[in-house]
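Protein chains in written order, with numbering that gives the first Met the number 0: chain A, 0 to 188; chain B, 0 to 188.
There are 2 protein chains.
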Amino acid sequence: MDKKQHLLDTALKLFVEFGFHGTPTAKIAKEAGLSSGTLFYFFSTKDELVTSLYVDIKGKMTAAIMDDIEGETSIKKLIEGYFKTPLFWALNNPIEFSFTVQFSNSPYLNQVAAKEIDLHIAPFLTILKRGVKEGTLKNIDPQLIFALVRGHTFSIHQYLAENPADLEKQSKIIAESFLMLWEMIAVHS
Amino acid sequence: MDKKQHLLDTALKLFVEFGFHGTPTAKIAKEAGLSSGTLFYFFSTKDELVTSLYVDIKGKMTAAIMDDIEGETSIKKLIEGYFKTPLFWALNNPIEFSFTVQFSNSPYLNQVAAKEIDLHIAPFLTILKRGVKEGTLKNIDPQLIFALVRGHTFSIHQYLAENPADLEKQSKIIAESFLMLWEMIAVHS
DNA sequence: GTCTATACACCGATAGAC
DNA sequence: GTCTATCGGTGTATAGAC
Numbered sequence: 000m001d002k003k004q005h006l007l008d009t010a011l012k013l014f015v016e017f018g019f020h021g022t023p024t025a026k027i028a029k030e031a032g033l034s035s036g037t038l039f040y041f042f043s044t045k046d047e048l049v050t051s052l053y054v055d056i057k058g059k060m061t062a063a064i065m066d067d068i069e070g071e072t073s074i075k076k077l078i079e080g081y082f083k084t085p086l087f088w089a090l091n092n093p094i095e096f097s098f099t100v101q102f103s104n105s106p107y108l109n110q111v112a113a114k115e116i117d118l119h120i121a122p123f124l125t126i127l128k129r130g131v132k133e134g135t136l137k138n139i140d141p142q143l144i145f146a147l148v149r150g151h152t153f154s155i156h157q158y159l160a161e162n163p164a165d166l167e168k169q170s171k172i173i174a175e176s177f178l179m180l181w182e183m184i185a186v187h188s
Numbered sequence: 000m001d002k003k004q005h006l007l008d009t010a011l012k013l014f015v016e017f018g019f020h021g022t023p024t025a026k027i028a029k030e031a032g033l034s035s036g037t038l039f040y041f042f043s044t045k046d047e048l049v050t051s052l053y054v055d056i057k058g059k060m061t062a063a064i065m066d067d068i069e070g071e072t073s074i075k076k077l078i079e080g081y082f083k084t085p086l087f088w089a090l091n092n093p094i095e096f097s098f099t100v101q102f103s104n105s106p107y108l109n110q111v112a113a114k115e116i117d118l119h120i121a122p123f124l125t126i127l128k129r130g131v132k133e134g135t136l137k138n139i140d141p142q143l144i145f146a147l148v149r150g151h152t153f154s155i156h157q158y159l160a161e162n163p164a165d166l167e168k169q170s171k172i173i174a175e176s177f178l179m180l181w182e183m184i185a186v187h188s
């Protein structure tokens with residue numbers, strides 16, 4: 000068994016429930032069945048544990064998106080992947096997703112290098128720019144379109160989290176909400 | 000001068016910059032030119048200071064919305080108020096708005112009674128229900144429409160915060176983005 | 001109401017044995 | 001690699017004088 004991973008998993012669960020501040024390292028170690036010393040053997044500081052958890056999760060989410068859009072070239076399909084994949088991923092990994100939301104809206108975000116964040120944003124922005132250039136997307140600032148996709152994702156996630164439903168219904172909501180998003184940002188011919 | 004209000008103002012500024020955890024009560028008191036003892040004379044715990052700050056700000060935002068939509072009856076105008084007012088309010092009160100975003104995505108939110116939160120949501124939900132019933136809004140769950148409006152607001156705020164522009168341009172973006180939102184949720188005849 | 005001084009709990013991190 | 005034990009620092013909150 001991988002103890003480092005076990006510590007990450009335990010920390011994740013506790014952070015989401017009690018917050019970063021509300022979760023002492025001693026509690027993480029104890030809950031994981033390990034000692035404080037071991038925790039600090041794997042992570043030199045608490046901040047490193049928190050931020051590496053974020054980088055970890057963000058990487059997994061991005062990987063899922065990349066996997067989904069692999070080989071795609073159509074703007075619509077690409078944006079669909081960037082929108083739907085995180086949502087389906089969130090259905091299967093609610094705690095991980097909650098963590099990223101909490102982290103992204105906390106001052107911890109500043110501790111993650113801008114380059115690390117840009118790494119996930121840049122490719123999507125390139126796609127959006129192409130979409131605007133080609134006339135597939137409305138002629139508005141790609142940064143704004145990016146914000147709209149993000150916000151829409153955020154909306155649907157919030158809704159799904161607060162209104163439990165079976166997978167079929169959830170899938171339907173995600174699919175329909177993508178069409179709403181697409182109508183909003185695409186040029187209709 | 001109202002020292003309690005001064006403490007609230009100082010705390011607000013520091014919380015947004017350093018986070019709740021990163022801001023000791025002693026620092027708040029010192030920055031406000033007061034002593035720790037005085038702080039705890041006005042607020043019996045730090046948590047009370049944090050949550051009362053939230054309730055305070057939320058109340059002001061809601062008041063601004065209510066003031067804006069006073070006398071309105073048309074669904075479109077009402078939703079426009081609920082969408083635009085917070086955004087314009089955020090332009091003039093960026094720190095306050097940042098605080099609410101940070102607070103809403105932290106475990107502190109659980110410390111605010113559900114009733115307090117519902118107080119701000121319920122009236123808007125009533126309007127949305129009426130809009131769906133009347134056929135002005137698309138026939139989807141009002142809760143979902145609510146989430147969409149929220150997310151859209153979140154998007155535009157994020158965009159405006161990251162892309163500084165003059166007031167005229169900002170106003171234009173807010174106005175145009177409302178139309179995008181309206182097209183998304185309204186029935187087109 | 002406001003201050004100074006301080007109690008005292010807690011937490012992050014280290015040292016050193018095994 | 002993992003543990004136990006513990007240090008030093010920090011932070012909330014209180015006591016009591018003014």
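C-beta: ideal position from N, C-alpha, C; glycine also.
Does residue i have its Cβ less than 8 Å from a Cβ in chain B?
i: A/E30; result: no
i: A/N92; result: no
i: A/G150; result: yes
i: A/H20; result: yes
i: A/M183; result: yes
i: A/F17; result: yes
Residue i lies in the alpha helix (DSSP H); which residues open and close that run?
i: A/Q4; result: K2 to F17
i: B/S105; result: Per DSSP, B/S105 belongs to no alpha helix (DSSP H) and is neither H nor E.
i: A/H156; result: P141 to E161
i: B/S223; result: What the structure shows of chain B is the stretch from 0 to 188, and residue 223 of chain B is not part of that stretch, so it cannot be assessed.
i: A/T24; result: T24 to E30
Pull up the DSSP beta-bridge partners for residue i, would you.
i: A/L136; result: A/A185
Could you work out which residues of chain A lie near residue i, taking near to mean beta carbons separated by less than 7 Å?
i: B/Y40; result: Neighbours of B/Y40 on chain A: none; closest Cβ ~24 Å, over 7 Å.
i: B/Y158; result: Q142, L143 and A146
In chain A, which residues lie less than 9 Å from residue i when you measure between Cβ atoms?
i: B/V100; result: N104
Flag residue i as yes if its beta-carbon sits less than 8 Å from any beta-carbon of chain A, otherwise no.
i: B/F177; result: no
i: B/A112; result: no
i: B/E115; result: no
i: B/N138; result: no
Please list the partners that residue i has in chain B, where partner means a Cβ-to-Cβ separation under 7 Å.
i: A/S154; result: A146, L147, R149 and G150
Closer than 8 Å by beta-carbon distance: list the chain A residues that pair up with residue i, in chain order.
i: B/G130; result: What B/G130 touches in chain A: nothing, since even the nearest Cβ is about 16 Å away.
**Request:** Entirely within the stretch 45–130 of chain B and at least 4 residues each: give me those alpha helix (DSSP H) ranges in chain order.
**Result:** Counting only runs of 4 or more, we get 45–68, 74–91 and 93–103.
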